[in-house]
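The listed protein sequences correspond, in order, to chains R and V.
Heads up, the first sequence is in numbering that gives the first Met the number 0, so the first residue is 0 and it goes up one at a time.
Heads up, the second sequence is in numbering that gives the first Met the number 0, so the first residue is 0 and it goes up one at a time.
The C-beta atom is built at its ideal place from N, Cα and C for all residues, glycine as well.
Below you'll find the structure, written out as structure tokens, and then a few comments.
2 protein chains.
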Amino acid sequence: MSVPLTLLGLLDREPSHGYDLKRDYDAFFGRTKPLAFSQVYATLARLARDGKVLAGETEPGGGPERRRYSITDIGRGDVEVWLAEPIEPEPHLQTELFAKVMIALMLGRSAAKYLDAQRTAHLSRMRELAELRRSGEMIDALLADYGVFHLEADLRWIDLTVARLDALSEAARS
Amino acid sequence: MSVPLTLLGLLDREPSHGYDLKRDYDAFFGRTKPLAFSQVYATLARLARDGKVLAGETEPGGGPERRRYSITDIGRGDVEVWLAEPIEPEPHLQTELFAKVMIALMLGRSAAKYLDAQRTAHLSRMRELAELRRSGEMIDALLADYGVFHLEADLRWIDLTVARLDALSEAARS
DNA sequence: TCGGTGTATTCACTCAGTCAATAGTGACTA
DNA sequence: TAGTCACTATTGACTGAGTGAATACACCGA
Chain R
0 MSVPLTLLGL LDREPSHGYD LKRDYDAFFG RTKPLAFSQV YATLARLARD
50 GKVLAGETEP GGGPERRRYS ITDIGRGDVE VWLAEPIEPE PHLQTELFAK
100 VMIALMLGRS AAKYLDAQRT AHLSRMRELA ELRRSGEMID ALLADYGVFH
150 LEADLRWIDL TVARLDALSE AARS
Chain V
0 MSVPLTLLGL LDREPSHGYD LKRDYDAFFG RTKPLAFSQV YATLARLARD
50 GKVLAGETEP GGGPERRRYS ITDIGRGDVE VWLAEPIEPE PHLQTELFAK
100 VMIALMLGRS AAKYLDAQRT AHLSRMRELA ELRRSGEMID ALLADYGVFH
150 LEADLRWIDL TVARLDALSE AARS
């Protein structure tokens with residue numbers, strides 16, 4: 000997901016404190032998996048070290064001391080590049096699904112049984128996402144769509160793989 | 000991908016050396032992104048520390064010293080559980096695509112332009128995978144199918160998102 | 001005998017991420 | 001009014017994943 004660049008992007012709107020940054024991140028990108036505070040500060044420290052953000056002095060005020068972070072020109076350049084370049088589309092073809100099937104076949108376990116269980120789990124998750132899509136805000140709906148599309152992709156692949164299991168188990172023995 | 004469990008799975012076939020393990024891993028799972036030797040040994044060290052593999056003594060022989068690793072009952076149990084349990088289907092709905100679109104909208108950049116570039120990159124990658132599918136072995140074909148299905152899923156989502164860009168930019172400003 | 005190639009492992013290091021600790025303020029409450 | 005709870009805000013110590021460079025032996029060909 001590139002947490003550093005997402006935080007940098009948020010800081011490109013306006014300078015902010017680690018605490019607020021965490022809240023913003025969660026609101027937009029961390030709905031299902033919120034960012035830990037400690038990770039925000041760890042990331043900010045690395046960004047500051049690399050000259051991409053500037054850490055202000057600690058300023059006392061109503062409450063504990065806080066530190067204002069602002070983006071630098073270098074950081075702004077990074078965001079620019081990041082937004083201009085498309086991400087690598089499926090570069091590695093690496094997948095846990097495939098790994099489990101192969102290892103199962105190598106060890107003489109039933110890959111079909113595993114794939115069946117996986118299909119069930121996928122279908123159940125699809126129902127969850129359908130519900131989220133119906134009940135949530137617009138952003139949730141969009142993310143749910145993303146999930147559903149990829150679950151469907153997995154399901155297609157699972158069916159294909161079940162059909163090719165014999166040939167695959169051949170390959171696993173080599 | 001869970002490198003530890005994949006290595007453990009390979010070791011569940013028969014004891015092996017780090018070097019050979021790396022070769023096996025690459026042949027089956029690292030076609031596009033091979034595992035570094037150093038990562039194999041680092042992972043094996045952690046597995047040994049946790050009692051999941053047993054590191055043999057260094058044995059001199061024809062060539063440099065080598066160390067034979069074998070799986071333990073604990074390790075075997077882990078593999079069993081791993082193979083029995085389905086993976087979490089799209090649990091986090093976290094995606095770089097979405098992050099870039101949102102950040103672009105927040106900063107007043109053209110998300111449409113980015114999505115267009117991304118679509119082009121995806122289509123080009125699909126042609127690559129079609130070629131791999133045609134020319135490669137059976138395993139490559141299966142992995143290519145996986146990639147193609149997920150690229151199609153992304154493309155559907157990209158189209159959907161382009162259509163909703165106005166509403167989204169509303170949400171990005173909140 | 002010199003250098004290259006293949007085998008085999010280790011070391012030192014960075015990045016990502018987690019958990020626990022610390023510390024100030026304000027509000028409620030026994 | 002002392003206690004503690006909740007909220008704001010950051011730091012520190014640590015683990016796991018992953019990388020690049022270094023080391024070392026054996027064999028082979030020029």
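- Going by beta carbons, ILE102 of chain R and THR5 of chain V fall inside the 8 Å limit.
- Within the segment 106–129 of chain V, LEU106, ARG108, TYR113, ALA116, GLN117, ALA120, HIS121 and ARG124 place their CB atoms closer than 7 Å to a CB of chain R, listed in sequence order.
- In the DSSP assignment, ARG67 of chain R falls outside any alpha helix (DSSP H) and within the unbroken beta strand (DSSP E) covering 62–70.
- Among the residues of chain R, none has a CB under 7 Å from the CB of ILE73 of chain V; the nearest is roughly 16 Å distant.
- Contact between ARG67 of chain R and GLY55 of chain R holds: CB atoms are separated by about 4 Å, below the 8 Å threshold.
- Ranked by Cα distance from GLY76 of chain R, the options R:MET125, R:VAL52 and R:ARG133 are led by R:VAL52.
- Chain order gives no chain V residues near ARG172 of chain R, where near means a beta carbon separation below 7 Å; the closest approach is about 10 Å.
- Taking the Cα of VAL2 of chain R as reference, the smallest distance to any Cα among V:GLU95, V:PRO33, V:ASP139 and V:GLU64 is reached at V:GLU95.
- In this structure, DSSP gives SER15 of chain V an extended state, which the three-state scheme calls strand.
- Interface annotation for the segment 152–164 of chain R against chain V: ALA152, ASP153, ARG155, TRP156, LEU159, THR160 and ARG163, criterion Cβ-Cβ distance under 8 Å.
- By alpha-carbon distance to SER109 of chain V, the top candidate from V:VAL78, V:VAL161 and V:GLY62 is V:VAL161.
- Between the segment 104–123 of chain V and the segment 72–90 of chain R, the count of C-beta pairs closer than 8 Å reaches three or more; the two stretches touch.
- Chain order gives the chain R residues near LEU150 of chain V as PRO88 and GLU89, where near means a beta carbon separation below 8 Å.
- Taking C-alpha positions only, TYR145 of chain V is separated from GLU127 of chain V by approximately 13 Å.
- Judged by pairs of C-beta atoms under 8 Å, the segment 148–157 of chain R touches the segment 148–161 of chain V, as three or more such pairs exist.
- Counted as a single uninterrupted DSSP element, the alpha helix (DSSP H) harbouring LYS112 of chain R occupies residues 110–134.
- The beta carbon of LYS32 of chain V falls within 8 Å of a beta carbon belonging to chain R, placing the residue at that interface.
- For a cut-off of 8 Å, the C-beta gap from ARG132 of chain R to PRO88 of chain V is around 15 Å, too long to register as a contact.
- Around LEU43 of chain V, the same chain offers LEU6, GLY17, LEU20, VAL52, ALA54 and TYR68 as residues with beta carbons nearer than 8 Å, after the five sequence neighbours per side are excluded.
- For PRO88 of chain V, the three-state secondary structure derived from DSSP is coil.
- For ALA41 of chain V and ALA47 of chain V, the gap between their C-alpha atoms comes out near 10 Å.
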